[in-house]
Amino acid sequence: MTHATGGSNLRVDGEALWTDLMETARFGGTPKGGIKRLTLTAEDRQVRDWFVKACEDLGCAVSCDSMGNLFARRPGRDDSLPPITMGSHLDTQPTGGKFDGILGVLGGLAVLRALREAGHVTRHPIELINWTNEEGSRFTPPMMCSGVFAGVFTEQEVLDKRDRAGLRFGEELEAIGYRGEEICGRHPLAAYFELHIEQGPILEAEDRTIGAVAGVQGMRWYEVTVRGRDAHAGSTPMPLRHDTLLASARMIAALAEVARAHAPGVGTVGLIENRPNSNNVVPGETFFTVDIRHPDDGVVAAMEAAFQARFRAIAEAGGVTLDIVPIWDAPAVHFDPACVAMVADAAREAGFDPRPIVSGPGHDAAYVARVAPTAMIFVPCKDGLSHNEEESITQADAQAGANVLLGAILRADAAF
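Using the UniProt record's numbering, read the sequence shown as starting at 1 and increasing by one per residue.
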């Protein structure tokens, strides 16, 4: 057996990693080649079952906490030490791709496989984590169970969350059989590394393979309800209408203007519901979501004030009422400099020039960073496209990212 001391000639099996990525894509696979695997569904249970078996086949012991987070543990020479960890998520968007989150979990599996096949024993235990409900598509907000782990949300408030169909998170977690006994947040971590696709265009545009992620930009979510009065589309004159969909359309356009005025900030309305949603009825109630992001928390606050002022003015002019409810506030995150340096060093050792980068999307790592030294590794995706069935990466980049993850894990094992 060999012992880890930092840098290493160990390499992951890129073919096996790619096979795993394609194999797991069948759980919730779509006709367009993507994945619809919403959290706590039958498809989520299927991929979890696959993950548990794959980890056990590598000699790992798998445990599950009270939020359904999964921990696959490979023993170290000193099993009393807290584990060096890696991971991401296996749930997807309704029209998700094969790699968002999944690369981080299966790249971690490739690391465990490389260690086992080389007979390489680390000082710390090494653990691979699958976090529950990172996407926040079925149950909002996102990063929900890493959030409980980090103390951002209470366990009870998450268990009581309901999806748009009224189904309760806690009951759905029980239904798939993945609610464990360990209280979420009591699992020790020495450090955490997350491999992920960039979900943006920078690495591809600069022909770079590895991004050493310095942090995550700040973001806030809101639920907006606009109320007016249903009316007949044929007999209600335009000046006398209280049309909530028209007012909402103007608010959505105003949000885009606010985001452009605070570049590189972004603003998005990704969900909208209109009532009564009938051809010949002036809408009387419209619901939509707002997502704003910027690397500077002060600018996020300015964007919030600006869009809310614009929305209120539009509501008054349109004769409708407005209700804006903040549902998620994730401040900007700065990852542990030592862990970021480990990623950069591992990239250089593997022959890559790491590109310092800040993440636009949120990730479980953003919450884990509150309780353990954390860093992320990015690899490029074609055209920067993600949250899309056409999401695509190369096998070579997947292997490169997993090798950098392996190198960072070995460095952390020597340092902590």
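Glycine residues also receive a C-beta, built at the ideal position from the N, C-alpha and C atoms.
Could you compute how far the alpha carbon of ALA315 sits from the alpha carbon of ALA253? Walking along the sequence shown from the start, residue 315 turns up at place 315. Walking along the sequence shown from the start, residue 253 turns up at place 253. Taking the straight line joining both Cα atoms gives about 13 Å.
What is the DSSP secondary structure of residue 417, reduced to helix, strand or coil? Because the chain here runs from 1 to 416, residue 417 falls outside it and cannot be looked at.
Proximity to ALA214 [Cα-Cα], best of LYS98, VAL158, ALA344: Mapped onto the sequence shown, residue 214 falls at position 214. Considering only alpha carbons, the answer is ALA344.
Name the two residues that bound the continuous alpha helix (DSSP H) containing MET303. By one-based count along the sequence shown, residue 303 stands at place 303. Note, MET303: alpha helix (DSSP H), 297–318.
Opposing strand residues paired with PRO326 [DSSP bridges]: In the sequence shown, residue 326 corresponds to position 326, counting from 1. In the DSSP output, where bridge partners are listed per residue, PRO326 has TYR222.
If you measure between the beta carbons of HIS89 and GLU134, is that distance less than 8 Å? Indexing the sequence shown from 1 puts residue 89 at position 89. Indexing the sequence shown from 1 puts residue 134 at position 134. Here HIS89 is near GLU134, since their CB atoms are less than 8 Å apart.
Is it buried or exposed for PRO356, if we count other Cβ within 10 angstroms and need 16 for buried? Here residue 356 corresponds to residue number 356 of the sequence shown, with the count starting at 1. Label assigned to PRO356: exposed.
Bounding residues of the beta strand (DSSP E) (the contiguous stretch that carries GLY267): Counting from one through the sequence shown, the residue named residue 267 turns up at place 267. Boundaries of the beta strand (DSSP E) harbouring GLY267: 266–268, taken from the DSSP string.
Where does CYS381 sit, in a helix, a strand or coil, going by DSSP? As a first step, residue 381 must be located in the sequence shown, where it is residue number 381. Here CYS381 sits in coil by DSSP.
Take HIS187 and list the residues in its own chain whose beta-carbon comes closer than 7 Å to its own, dropping the five residues that flank it on each side. Here residue 187 corresponds to residue number 187 of the sequence shown, with the count starting at 1. Around HIS187: ASP65, PHE71.
Rank GLY265, ASP243, ASP329, ASP297 by C-alpha distance to the C-alpha of SER278 and give the top, closest one. Taking the first residue of the sequence shown as 1, we reach residue 278 at position 278. Of the listed residues, the one whose Cα sits closest to SER278 is ASP243.
Considering only their Cβ atoms, is the gap separating ARG310 from LEU322 smaller than 8 Å? For the purposes of this step, residue 322 is taken as the residue at position 322 of the sequence shown. For the purposes of this step, residue 310 is taken as the residue at position 310 of the sequence shown. Against a cut-off of 8 Å, the Cβ pair of ARG310 and LEU322 comes out as no contact.
Could you give the uninterrupted runs of the alpha helix (DSSP H) lying entirely in the region 117–194, keeping only those of 4 residues or more? Qualifying alpha helix (DSSP H) stretches, in chain order: 144–149, 155–159, 169–176.
Helix, strand or coil for CYS55, going by three-state DSSP, please let me know. For the purposes of this step, residue 55 is taken as the residue at position 55 of the sequence shown. In the structure shown, CYS55 sits in a helix (DSSP, three-state: H, G or I).
For SER80, which option in GLY97, THR39, ASN130, ALA190 has the closest C-alpha, if you only look at C-alpha atoms? Stepping through the sequence shown from its first residue, residue 80 is reached at position 80. That would be ALA190, whose Cα lies nearest to the Cα of SER80.
Counting along the chain, where does the alpha helix (DSSP H) carrying VAL12 start and finish? As a position in the sequence shown, residue 12 is number 12, starting the count at 1. First-last for VAL12: undefined, no H or E at that position.
Whether VAL148 touches ASN403 by CB criterion (8 Å): Within the sequence shown, residue 148 is the residue found at index 148, counting from 1. Within the sequence shown, residue 403 is the residue found at index 403, counting from 1. 8 Å or more divides the Cβ of VAL148 from the Cβ of ASN403.
Can you name the start and end residues of the beta strand (DSSP E) that ASN274 belongs to? Taking the sequence shown and counting its residues from 1, one reaches residue 274 at position 274. Boundaries of the beta strand (DSSP E) harbouring ASN274: 272–275, taken from the DSSP string.
Classify MET238: buried if its beta carbon has 16 or more other beta carbons within 10 angstroms, exposed otherwise. Along the sequence shown, one-based indexing puts residue 238 at 238. Exposed is the call here.
Bridge partner(s) assigned by DSSP for GLY29: Indexing the sequence shown from 1 puts residue 29 at position 29. In the DSSP output, where bridge partners are listed per residue, GLY29 has ILE35.
GLU285 classed as buried or exposed, judged by whether at least 16 other C-beta atoms fall within 10 angstroms: Here the question's residue 285 lines up with position 285 in the sequence shown. With a 10 Å radius around the Cβ and a threshold of 16 neighbouring Cβ atoms, GLU285 comes out buried.
How would you call GLN156, buried or exposed, if buried means at least 16 neighbouring beta carbons within 10 angstroms? Sequence index remark: in the sequence shown, residue 156 carries index 156 (1-based). Exposure of GLN156 is indicated by the presence of fewer than 16 other C-beta atoms within 10 angstroms of its C-beta.
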